[in-house]
Amino acid sequence: MKILVTGGAGFIGSHTLIELYKAGHSAVVVDNLSNSKPESLRRVAEIIGVPEIPFFKIDIRDRDDLERVFAEHQFDACIHFAGLKAVGESVEKPWEYYENNIGGTLVLVDVMRHHGCKNIIFSSSATIYGDPAEIPITENCPKGQCTNPYGWTKSMLEQVLMDIQKADPEWNVVLLRYFNPVGAHPSGRIGENPNGIPNNLMPYITQVAVGKRKELGVFGNDYPTPDGTGVRDYIHVCDLANAHVCALQAIARHCGIGIYNIGTGNGYSVLDMVNAFVKMNNVAVPYSIKPRREGDIATCYCNPAKAKAELGWEAKFGIEEMVRDSWNWQRLNPDGYPD
Ligand code: NAD
Ligand code: WQD
Numbered sequence: 169m170k171i172l173v174t175g176g177a178g179f180i181g182s183h184t185l186i187e188l189y190k191a192g193h194s195a196v197v198v199d200n201l202s203n204s205k206p207e208s209l210r211r212v213a214e215i216i217g218v219p220e221i222p223f224f225k226i227d228i229r230d231r232d233d234l235e236r237v238f239a240e241h242q243f244d245a246c247i248h249f250a251g252l253k254a255v256g257e258s259v260e261k262p263w264e265y266y267e268n269n270i271g272g273t274l275v276l277v278d279v280m281r282h283h284g285c286k287n288i289i290f291s292s293s294a295t296i297y298g299d300p301a302e303i304p305i306t307e308n309c310p311k312g313q314c315t316n317p318y319g320w321t322k323s324m325l326e327q328v329l330m331d332i333q334k335a336d337p338e339w340n341v342v343l344l345r346y347f348n349p350v351g352a353h354p355s356g357r358i359g360e361n362p363n364g365i366p367n368n369l370m371p372y373i374t375q376v377a378v379g380k381r382k383e384l385g386v387f388g389n390d391y392p393t394p395d396g397t398g399v400r401d402y403i404h405v406c407d408l409a410n411a412h413v414c415a416l417q418a419i420a421r422h423c424g425i426g427i428y429n430i431g432t433g434n435g436y437s438v439l440d441m442v443n444a445f446v447k448m449n450n451v452a453v454p455y456s457i458k459p460r461r462e463g464d465i466a467t468c469y470c471n472p473a474k475a476k477a478e479l480g481w482e483a484k485f486g487i488e489e490m491v492r493d494s495w496n497w498q499r500l501n502p503d504g505y506p507d
């Protein structure tokens with residue numbers, strides 16, 4: 169299939185391009201580079217062994233620009249990663265998050281349908297479950313109260329896309345609810361490249377390990393979890409990338425609406441992650457216990473059985489590969505991608 173990949177220069181998008189090409193698909197990337205660098209696409213091309221990845225530096229909110237891409241290419245489906253994703257920033261700048269994530273998706277979907285492309289895979293998030301009503305979380309778990317505007321954009325966009333599919337059953341909509349993506353391509357050539365102080369656990373750990381930050385703050389050790397620190401379902405980004413290829417098969421079968429949790433089903437605490445990182449990579453990660461972070465929940469991991477049964481997808485990599493590949497990327501690229 170020929171796939172439009174929005175946000176393809178970013179962390180998950182760049183890894184997904186590799187899986188798409190490996191599976192025999194082709195891709196065209198649109199990205200405004202607001203949170204990424206074109207170097208990621210150069211390296212993806214190098215890993216795949218192609219001269220370049222077709223790329224348009226455009227903003228998906230710009231209808232005319234998007235129209236031009238669709239005029240040049242006939243797409244079978246869109247994998248829609250483009251969006252702002254920093255939870256804390258979304259609390260400070262709610263308008264910007266709603267406008268970019270929701271506004272951008274509305275323009276994208278409209279241009280898609282005008283061009284007869286009615287297949288979309290959407291990057292949703294475990295955050296839509298709020299403080300989950302059940303653990304492990306199945307897709308039947310009710311959506312919850314999000315604690316920040318970023319989460320609401322995902323929750324609302326799920327509803328928007330489901331309503332559009334309901335009104336026009338020619339659409340196939342796959343909502344992939346990612347748990348906590350970590351790791352990097354084993355080559356160490358591409359990975360996560362956060363701007364400024366990382367919000368997420370794994371990039372913070374790697375930046376402490378490489379000496380860019382003094383110590384990790386562990387946000388709370390008094391949660392009702394085995395060691396008191398927060399438990400999450402970390403998933404290797406290459407496994408996550410592969411889930412999109414499997415989701416394309418569901419689209420080819422005209423699934424209508426498909427909703428899937430994409431995680432490993434294993435819950436690891438903050439200290440589990442730190443200890444695995446130190447042991448596997450033989451580097452120090454000093455840390456100290458800090459107060460709980462506002463909006464955090466104690467435990468979040470999924471039951472990924474539906475994705476296995478219906479998409480034939482399951483995670484292959486475990487915690488050791490996650491911490492090994494996260495470190496490999498950071499070690500080889502201490503300052504991320506060059507400009
Ligand atoms: P990322 O920031 O690395 O990638 C997103 C890309 O979208 C960036 O390259 C950015 O430049 C681009 N972009 C943003 N707004 C755009 C716009 N208006 N027009 C064109 N391009 C635009 O983030 P990621 O970690 O790769 O996440 C990809 C998707 O998965 C996002 O939608 C994110 O919300 C979702 N998600 C991420 C996580 C995570 O922890 N990384 C978890 C769940 C869901
Ligand atoms: C994981 C655990 C923290 C940093 C977020 C978004 C979610 C999704 C994935 C996009 C928690 C602890 C963290 C640190 C710490 N993103 N921690 N010290 O909060 O589960 O999910 O990213 O959709 O929407 O909310 O991930 O990596 O921030 O935190 O102790 O410096 O690590 O308290 O227990 P989270 P995270």
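Start counting the sequence shown at 169; every next residue gets the next number (the numbering used here). Positions of the beta carbon are idealized from the N, C-alpha and C atoms, including for glycine. Source: prediction; values computed, not measured.
Cβ-based burial, residue i [other Cβ within 10 Å; buried from 16]
i	result
histidine 422	exposed
asparagine 287	buried
valine 218	exposed
proline 300	buried
leucine 325	buried
glycine 284	exposed
lysine 253	buried
leucine 384	buried
arginine 211	buried
asparagine 450	exposed
glycine 272	buried
asparagine 348	buried
alanine 444	buried
histidine 193	buried
histidine 282	exposed
alanine 239	exposed
glycine 364	exposed
alanine 335	exposed
alanine 420	exposed
Cutoff 7 Å; reference residue i; Cβ partners in own chain excluding five residues on either side
i	result
methionine 490	Val350, Gly351, Tyr402, His404
valine 413	Glu187, Leu188, Ala191
valine 259	Asn316, Pro317
proline 310	Ala301
methionine 330	Val341, Ile425
arginine 231	Val275, Val279
glutamate 220	Ala213
glutamate 235	Val279
glycine 435	Val399, Arg400, Asp401, Thr467, Tyr469
glutamine 333	Trp339, Val341, Gly424, Ile425
glutamate 207	Tyr505, Pro506
Sequence-distant residues of its chain with Cβ nearer than 6 Å to residue i (five each side left out)
i	result
phenylalanine 485	His404, Asp407
valine 196	Leu172, Pro222, His241
leucine 276	Ile228
glycine 251	Asn269
glycine 379	none
alanine 409	His183, Thr184, Glu187
isoleucine 226	Val198, Asp233
glycine 504	Asn361
glycine 356	Asn496, Trp497, Leu500
lysine 205	Tyr505
isoleucine 303	Thr467
phenylalanine 224	Val198, Val237
Beta-carbon contacts of residue i that lie in its chain and below 8 Å, excluding the five residues immediately before and after
i	result
isoleucine 305	Ala294, Tyr297, Asn429, Cys468, Tyr469, Cys470, Asn471
alanine 466	Tyr391, Pro392, Thr393, Gly398, Val399
alanine 418	Asn340, Val342, Gly426, Glu478, Leu479
alanine 475	Ala411, Cys414, Tyr428, Asn429, Ile430, Trp481, Glu482
glycine 312	Ile296, Tyr297, Gly298, Asp299, Pro300, Ala301
isoleucine 180	Phe249, Ser291, Tyr346, Pro349, Val405, Leu408, Ala409
Closest Cα partner of residue i within the set the options
i	options	result
asparagine 361	Leu172, His183, Ile171	His183
isoleucine 358	Met169, Asn203, Val198, Leu209	Leu209
methionine 370	Leu439, Gly424, Gly271	Leu439
glutamate 307	Asn443, Ala483, Gly433, Gly396	Gly433
valine 237	Ala420, Thr174, Ile289	Thr174
aspartate 244	Met169, Asn367, Asn348, Gly312	Met169
leucine 416	Glu257, Ile289, Gly463, Lys205	Ile289
isoleucine 216	Gly256, Ile247, His353	His353
lysine 382	Val453, Gln333, Asp336	Val453
arginine 345	Asn363, Ser292, Asp395	Ser292
serine 437	Val328, Ile487, Ala473	Ile487
phenylalanine 249	Leu201, Pro366, Lys261, Ala420	Leu201
aspartate 395	Pro366, Asn367, Met441	Met441
histidine 368	Asn203, Gly256, Pro502	The question names histidine, but residue 368 is asparagine in the sequence shown. For asparagine 368, the nearest C-alpha among the options comes from Gly256.
glycine 463	Val446, Pro502, Cys314	Cys314
Residue i CB to nearest heavy atom of ligand 4 below 8 Å
i	result
isoleucine 305	As far as ligands go, the structure on display features ligand 1 and ligand 2 and does not contain ligand 4.
Check your understanding: Any contact of the segment 457–468 with the segment 384–404, i.e. 3+ C-beta pairs under 8 Å?
Key -> The answer is yes - the segment 384–404 touches the segment 457–468, with three or more Cβ pairs under 8 Å.
**Study point:** Validate contact between the segment 264–276 and the segment 314–325 using beta carbons, cut 8 Å, 3 pairs
**Key:** The segment 264–276 is in contact with the segment 314–325.
Check your understanding: Between the segment 370–379 and the segment 493–503, do at least 3 Cβ pairs fall closer than 8 Å?
Key -> Between the segment 370–379 and the segment 493–503, the count of C-beta pairs closer than 8 Å reaches three or more; the two stretches touch.
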